[in-house]
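Structure first, then comments.
Numbering (the working numbering), first residue to last: 399 to 680.
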């Protein structure tokens, strides 16, 4: 800078060069971020398409049928004859041929369908809760993962709380379509308040009794309880519900819990609880 306070020509060009370098650096960083995002979107879509193909292949085998069994057992019927339970037990039950599924993946332990959503998938289970967060049904690496049961649960004889997980994908694969349950168009239709679950040992119906969103926690995915703990548990999950369901819960019930992320960041969980109302031994 000159003595009179004016910027000299050389200083002017120096500052201009520094400014140009700064904006060039910003532009390069922006381009790198954009490229990374494009690559992530590419692989995200690739993984989603792979899940869609696996699902289509399973559906094309026509291994799932719905029927009304003659000797199914009604589980823990309520005294209130106005309870929707009495309508739901009249619904058809889902029966699945697990032979082909187990040939594709020996980890298969069940098949789940949630009315009014796209959830219509085999359930897998392994010795941890991380493998199927990043692997598809065919065990290939996939960011969409698959629908899987908590490794602590006994899928032969259901525990007091059986927990099923799945990613919430933006294209509504895996558990992505479960966000529909928060829409009035879904919960306003009582025919949607049922979950059908088939295992190699029995076919079951589960009546939805609670739906809510919550920050990540371990409480609602507890699988083992003392009697007093379970009584506190069923009261808590019923009180948390953001939707008023007619179904009651008591200490004789068994609970099915579906857990997924509500948002992309994974900071909030969407939780669905249902109680076992009908069972047909295979």
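A virtual CB, placed ideally from N, CA and C, is assigned to each residue, including glycine.
- Inter-residue distance for residue 482 and residue 675 is about 11 Å (C-alpha atoms, whole angstroms).
- Straight across, the Cα-Cα distance linking residue 423 with residue 595 is about 55 Å.
- By the 16-neighbour rule on beta-carbons within 10 angstroms, residue 567 is buried.
- Straight through space, the alpha carbons of residue 609 and residue 512 are spaced by roughly 13 Å.
- Per DSSP, residue 679 is one residue of the beta strand (DSSP E) stretching across 667-679.
- Taking the Cα positions, residue 527 is about 14 Å away from residue 656.
- Sequence-distant partners of residue 623 (beyond 5 residues in either direction) whose C-beta falls short of 8 Å from its own C-beta, in its chain, are 558, 559 and 631.
- Check the Cα spacing between residue 479 and each of 644, 524, 545 and 672: the tightest is with 644.
- With contacts defined by Cβ atoms closer than 7 Å, residue 489 and residue 678 do not form a contacting pair.
- A straight line joining the alpha-carbon of residue 544 with that of residue 419 spans about 47 Å.
- Residue 546 places its beta carbon less than 7 Å from that of residue 563.
- Excluding five sequence positions before and after residue 619, the CB atoms of its chain that fall closer than 6 Å to its own CB belong to 561, given in chain order.
- A residue is called buried once 16 or more other Cβ atoms fall within 10 Å of its Cβ, and residue 627, having fewer, is exposed.
- For secondary structure counted as the beta strand (DSSP E) over 3 or more consecutive residues, the region 581-638 holds these complete runs in sequence order: 592-596 and 600-612.
- In this structure, 669 is the residue among 639, 669 and 641 with its C-alpha nearest to the C-alpha of residue 614.
- Residue nearest to residue 516 within the set 593, 416, 503 and 671 is 593 (criterion: CA-CA distance).
- Rounded to whole angstroms, the gap between the alpha carbons of residue 606 and residue 591 is 5 Å.
- Annotation: residue 487 to residue 641 spans about 21 Å, alpha carbon to alpha carbon.
- Between residue 565 and residue 453 a beta carbon distance of about 14 Å is seen, past the 8 Å cut, so the two are scored as non-contacting.
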